[in-house]
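Note that the numbering used here has the sequence shown beginning at 10, numbered continuously upward.
To start, the structure under review is shown below, and the notes come after it.
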Amino acid sequence: MQVILTQDVDNLGKAGELVTVKPGYGRNYLVPRGLAVSATVRNKNRLEHEKALIERRVSKERATATELAAKINIMTLQFERNTGEDEKLFGSVTSRDIQEQLKRAGVDIDHRWIQLEQSVKALGKYEVPVRLAAGVIAQLKFWVVGKDK
């Protein structure tokens, strides 16, 4: 029996794929749980149409993400923080801080896209990857400097 998966199914395939399964597995498990639909001519045509729409949307997202990545790659941000005598920061620079500064610079992204492993707690120059949509990754450079006292 052939079915079209409506959701990702472990060890079987991803959403939108046409797969062959045993009839009992398809009728009694996949279809009733909404994980798949029967591969009728109508459903196959709908699948092709949806794939075309998804492909167009992904290509637009990739173009937008590439444009945004180019913008981020040339940026260098600067954060001023109070420091102690050993140049340790009072506080830290987090992905939310970076997001706010990017927003002020005209780049509005989700803070979870900023791949900062842990918050920055020392002065210096840093480079952090920013994972944008459609697998595009930008490299953001920023400085953490001490405030003048």
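Note that CB positions come from ideal geometry on N, CA and C, so glycine has one too.
Kindly give me the distance between the Cβ atoms of residue i and residue j, rounded to whole angstroms, as I take these residues to be in contact under 8 Å.
i           : j           : result
residue 81  : residue 139 : 6 Å
residue 151 : residue 88  : 6 Å
residue 39  : residue 50  : Actually they do not touch by this definition, with Cβ atoms about 19 Å apart.
residue 128 : residue 101 : 4 Å
residue 155 : residue 90  : 7 Å
residue 46  : residue 75  : Residue 46 to residue 75, Cβ: 34 Å. No contact.
residue 148 : residue 136 : 6 Å
residue 142 : residue 70  : 5 Å
Would you give the residue range spanned by the beta strand (DSSP E) that residue i belongs to?
i           : result
residue 101 : 97 to 102
residue 150 : 146 to 155
Between which two residues does the alpha helix (DSSP H) holding residue i run?
i          : result
residue 23 : That residue, residue 23, is in no alpha helix (DSSP H); it is neither H nor E in DSSP.
Which residues share a DSSP beta bridge with residue i?
i           : result
residue 31  : Beta-bridge pairing links residue 31 to no other residue.
residue 131 : 97
residue 11  : 29
residue 123 : 139
residue 18  : 22
Across the segment 56 to 68 and the segment 114 to 122, are there enough close Cβ pairs to call them in contact, namely three or more that are closer than 8 Å? no
Quick one: which unbroken alpha helix (DSSP H) runs of 4-plus residues sit fully inside the segment 38 to 93? Chain order, please. 50 to 82
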